[in-house]
Amino acid sequence: MQYLQGGPTLKRIHLLASALLLTGSLGAAALPQHSPVPGGVAVIDLGPAGSAAPTARWGEQPIAVVGDKGRWFALFGIPLDTLPGELEIRISAGATTTPRTVAIQVKSYPEQRLTIKDKRKVEPNPDDLVRIEREQKITEAIKRRFSDPAPATDFALPAKGPLSSRFGLRRIFNGLPRNPHAGLDVAVGTGAPVSAPADGVVANVGDYFFNGNTVFIDHGQGLITAYMHLSRTDVRAGQAVKKGEPIGAVGATGRVTGPHLHWAVILNNTPVDPELFLSRR
Ligand code: ZN
Numbered sequence: 019m020q021y022l023q024g025g026p027t028l029k030r031i032h033l034l035a036s037a038l039l040l041t042g043s044l045g046a047a048a049l050p051q052h053s054p055v056p057g058g059v060a061v062i063d064l065g066p067a068g069s070a071a072p073t074a075r076w077g078e079q080p081i082a083v084v085g086d087k088g089r090w091f092a093l094f095g096i097p098l099d100t101l102p103g104e105l106e107i108r109i110s111a112g113a114t115t116t117p118r119t120v121a122i123q124v125k126s127y128p129e130q131r132l133t134i135k136d137k138r139k140v141e142p143n144p145d146d147l148v149r150i151e152r153e154q155k156i157t158e159a160i161k162r163r164f165s166d167p168a169p170a171t172d173f174a175l176p177a178k179g180p181l182s183s184r185f186g187l188r189r190i191f192n193g194l195p196r197n198p199h200a201g202l203d204v205a206v207g208t209g210a211p212v213s214a215p216a217d218g219v220v221a222n223v224g225d226y227f228f229n230g231n232t233v234f235i236d237h238g239q240g241l242i243t244a245y246m247h248l249s250r251t252d253v254r255a256g257q258a259v260k261k262g263e264p265i266g267a268v269g270a271t272g273r274v275t276g277p278h279l280h281w282a283v284i285l286n287n288t289p290v291d292p293e294l295f296l297s298r299r
């Protein structure tokens, strides 16, 4: 993590003086909600859209840049373990690279205590740990992906049902502190359909120790979504999917207390709150 001590002066960035070259192809992308908190998304105005999009990086990790209403915006996913203060990203336009600080506000998430009947899912045995490590390498590589297409960021809820466990809960399984809840749960029964929230390409389909049967969709520019604990998967890696297209069915595979959909949204290799991407009316 990159935490900046003190407060470097926020520099105004004058990007793309050729602002008059507005391209007609920049439609309304329906940006995610700006929420500069741990687990949130900072929507950063990069100025009027010229002929070429600027690029943005956080360390080595590229950051999505999308056009909306004639302006460019960086969509920066903020890690859940970020402390209040400032993070620095770098914006490049043409030959010029400029640092930009992002002020991170405080957000504290509630605690959630859960009891898992399958104790191995909380205290894995040595064989399980080998499997978990192997699977983590696969999923970490998927989360780091950065493909070219500009992502659609106006998501539909992928399953019809009430939202249950929200993003960011500090989790205690069987009395043991574990990773925070890095997704949003939809309370639906086994067999209920799960659909793509936006257009994308299936990045991976697998059966994972904690996540159960899982589908990952790459929406472009580091925006990746994942659907976990499925009873059934209906897509293959490499397959293009359209918004609303079925990708599988809800289940109770992996580490669960019962059937539900766990939906994760990843931006720049960082899980963020999926609710920030849901259409608001
Ligand atoms: Zn969940």
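Sequential numbering of the sequence shown, starting at 19, is according to my numbering.
Note that the Cβ used here is the ideal one computed from N, Cα and C, for glycine as well.
None of the values given here were measured: they were computed from a predicted structure.
Taking the Cα positions, Tyr127 is about 6 Å away from Gly186.
Residue burial is scored here from C-beta neighbours: Arg273 has at least 16 other C-beta atoms within 10 angstroms and is therefore classed as buried.
For Arg118, the closest alpha carbon among the candidates Thr232, Glu263, Arg108, Pro72 is that of Arg108.
In the three-state reduction of the DSSP assignment, Val253 falls in the coil class, being assigned neither a helical nor a strand state.
At a cut-off of 7 Å, the beta-carbon of Gly186 does not count as near the ligand ZN: no heavy atom of the ligand is closer than that. For Val83, DSSP records a beta bridge to Ala92. Judged by the Cβ position, Ser183 qualifies as a neighbour of the ligand ZN at the 7 Å threshold, a heavy atom of the ligand being closer than this.
For Asp99, the closest alpha carbon among the candidates Leu296, Leu294, Ser297, Val290 is that of Val290.
Cβ-Cβ distances below 8 Å link Val206 to Ala177, Lys178, Gly179, Val268, Pro277, His278, Leu279 in the same chain, with the five nearest sequence neighbours on each side left out; the list follows chain order.
Under the 8 Å Cβ criterion, the region 162-172 does not count as touching the region 252-260, having fewer than three qualifying pairs. Between the alpha carbons of Ala70 and Asp86 lies a distance of about 14 Å.
In this structure, Leu93 keeps its C-beta atom at 8 Å or more from the C-beta atom of Val55. Asp203 has its Cβ nearer than 7 Å to a heavy atom of the ligand ZN. As for any beta strand (DSSP E) of minimum length 3 sitting wholly inside the region 159-209, the runs are 188-191, 202-204, ordered along the chain. If you look at His280, you'll find it in the beta strand (DSSP E) that goes 279-285. Only residues of its own chain outside the window of five on either side were considered, and among them Asn287 have a CB closer than 6 Å to the CB of Arg162, listed in chain order. If you check the C-beta of His280 against the ligand ZN, you find a heavy atom less than 7 Å away. In this structure, the C-beta of His199 approaches the ligand ZN to less than 7 Å from one of its heavy atoms.
If you look at His237, you'll find it in the beta strand (DSSP E) that goes 230-238.
Of the residues assessed, Ser110 falls on the exposed side of the cut-off, its CB having fewer than 16 other CB atoms within 10 angstroms. Secondary-structure assignment with DSSP links Ile62 through a beta bridge to Ala92. Looking at the backbone, the Cα of Arg149 and that of Phe227 are separated by about 7 Å. One alpha carbon belongs to Val223, the other to Arg189, and they sit about 26 Å apart. Apart from sequence neighbours up to five positions away, the residues of its chain that approach Pro264 with a beta-carbon distance below 6 Å are Pro211, Ser213, Asp252, ordered along the chain. Annotation for Thr243: the continuous beta strand (DSSP E) segment containing it runs 241-248.
The C-beta separation of Thr243 from Ala282 comes to about 7 Å, placing the pair in contact by the 8 Å criterion.
Within the region 95-124, the beta strand (DSSP E) runs of at least 3 residues that lie entirely inside it are, in chain order, 103-111, 114-122.
Per the coordinates, the alpha-carbon of Leu147 lies some 15 Å from the alpha-carbon of Arg196. One thing to note: Ala216 has its Cβ no nearer than 8 Å to the Cβ of Lys155.
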